[in-house]
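Please read the structure below before turning to the comments.
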Amino acid sequence: MTEERVERVLAEVHDEFGMIRVLEVADYRFLEFGEAIEQSCVFTADPSWLEYDYTRAMLIGALCHAAPESALFLGLGAGTLTQACLKFLPLEDVEAIELRPDVPRLAIEYMGLDDDPRLYIRIGDALELLDSAEPADLIFVDLYTDVGPGVGHLAWGFLENCQKRLNPGGWLVINQWATDDGKPLGAALLRGLYHRHYWELPVKEGNVILIVPADLEQDLDMPGLVARAEALAPRLGYSLQSLIKDIRPAT
Numbered sequence: 001m002t003e004e005r006v007e008r009v010l011a012e013v014h015d016e017f018g019m020i021r022v023l024e025v026a027d028y029r030f031l032e033f034g035e036a037i038e039q040s041c042v043f044t045a046d047p048s049w050l051e052y053d054y055t056r057a058m059l060i061g062a063l064c065h066a067a068p069e070s071a072l073f074l075g076l077g078a079g080t081l082t083q084a085c086l087k088f089l090p091l092e093d094v095e096a097i098e099l100r101p102d103v104p105r106l107a108i109e110y111m112g113l114d115d116d117p118r119l120y121i122r123i124g125d126a127l128e129l130l131d132s133a134e135p136a137d138l139i140f141v142d143l144y145t146d147v148g149p150g151v152g153h154l155a156w157g158f159l160e161n162c163q164k165r166l167n168p169g170g171w172l173v174i175n176q177w178a179t180d181d182g183k184p185l186g187a188a189l190l191r192g193l194y195h196r197h198y199w200e201l202p203v204k205e206g207n208v209i210l211i212v213p214a215d216l217e218q219d220l221d222m223p224g225l226v227a228r229a230e231a232l233a234p235r236l237g238y239s240l241q242s243l244i245k246d247i248r249p250a251t
C-alpha cells in the first residue's frame with residue numbers, strides 16, 4: 001500500500017491577481033497560484049535542490065557562461081533556481097523582479113529562500129521594470145500565472161530588450177511552454193527575433209528552455225558546458241548530462 005498523500009496548508013493569501021497558497025506534503029513544500037496550479041516545489045531539507053527537469057535545464061542555461069558575476073531573474077516564485085544559482089555559480093550581484101509582493105515574503109518565510117546579501121528583490125511588473133534593471137551576465141525569464149505563461153513570453157519588444165540587457169558574452173534563459181509538436185510557444189516569433197541563433201532544451205514537464213546568446217557572434221561551447229556540469233555534479237547531488245544531450249539548435 002502506498003502512503004496516503006497528506007497535504008497541509010501552511011499559508012494562504014489573496015491579492016489582486018488571485019490566491020497564493022503554500023502546501024506541505026511529506027518532505028516537500030509547494031507554492032501554488034489559483035486553483036492548484038503548482039508554481040514551485042522545494043525540498044525542505046535543501047532549498048537549493050532542483051526537483052524538476054525544467055529548473056535543472058535553466059541551470060544548464062546558466063552554465064553556458066564560464067564565469068557569470070551578475071544575474072537577473074524575471075519572476076521569482078519560491079526562489080529555488082535563484083538559490084541554486086547563488087549557491088553553485090560565482091555570482092556577486094543578483095536581482096529578482098517579482099510581480100506579487102506576497103511571493104518573496106512567503107518564499108523567505110516558508111520555502112527556505114535565503115536572505116542573501118547578494119540578492120536584491122524588486123516588486124513590480126517585469127515588462128515595466130526591465131529597463132531600470134542592471135545589465136547582467138545571465139537573465140532568466142519565468143513569468144507564469146495561474147493560467148500559463150505571462151504576456152512577456154510572447155512580447156517581441158520585451159524579449160528583444162531582455163537580450164539587449166545582457167552583458168557581452170551573456171546568456172538569456174527562457175522557460176517557454178511547448179506546443180503539441182514539441183516546439184516552443186511562439187516558435188516563429190522567436191526564430192525571427194533571435195535570427196534562429198539560439199538553442200532549445202525540451203524537458204518532460206512540457207516546457208522548452210530557450211538558451212539565447214547576447215549576440216550572433218557568440219556560440220555555445222558544448223565541451224565547456226559539459227565540463228562545468230560534470231565538475232558541479234558532486235555538489236549538486238545529480239548529473240545534468242542526460243539533459244545536456246537533449247540540447248538542439250532552434251527548431
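FYI, my numbering numbers position 187 of the sequence shown as 187, with every residue one higher than the one before it.
Yeah, the Cβ is synthetic: ideal placement off N, Cα and C, and Gly gets one too.
Of the candidates Ile211, Phe140, Leu127 and Leu63, Leu63 places its Cα closest to the Cα of Pro223. For the segment 32 to 105, the full-length alpha helix (DSSP H) segments reaching 4 residues or more read 53 to 63 and 80 to 88 along the chain. Taken through DSSP and simplified to helix, strand or coil, Tyr110 comes out as helix. Here the alpha carbons of Gln39 and Gly170 stand approximately 26 Å from one another. For secondary structure counted as the beta strand (DSSP E) over 3 or more consecutive residues, the segment 161 to 213 holds these complete runs in sequence order: 166 to 177, 199 to 203 and 207 to 213. Taking one beta carbon from each stretch, the segment 39 to 51 and the segment 77 to 89 have 3 or more pairs nearer than 8 Å; the two touch. Cβ-Cβ distances below 6 Å link Phe158 to Leu127 and Gly152 in the same chain, with the five nearest sequence neighbours on each side left out; the list follows chain order. Secondary structure at Ala231: helix, using DSSP grouped into helix, strand and coil.
Apart from sequence neighbours up to five positions away, the residues of its chain that approach Tyr120 with a beta-carbon distance below 6 Å are Glu95, ordered along the chain.
Short of 7 Å from the beta carbon of Lys204, and not among the five residues preceding or following it, lie these beta carbons of its own chain, in chain order: Asp53. Cβ contact annotation for Asp15 (same chain, cutoff 7 Å, sequence separation greater than five): Arg100 and Asp102, in chain order. In the three-state scheme derived from DSSP, where H, G and I count as helix and E and B as strand, Leu216 is classed as coil. The criterion of a C-beta distance shorter than 9 Å is not satisfied by Ala67 and Cys85. DSSP places Glu16 in the coil class of the three-state scheme, outside both helix and strand.
Residue burial is scored here from C-beta neighbours: His65 has at least 16 other C-beta atoms within 10 angstroms and is therefore classed as buried. Closest in alpha carbon position to Ile123, among Thr179, Pro104 and Leu185, is Pro104.
Judged by DSSP secondary structure, Ala126 falls within the alpha helix (DSSP H) whose first and last residues are Ala126 to Leu129.
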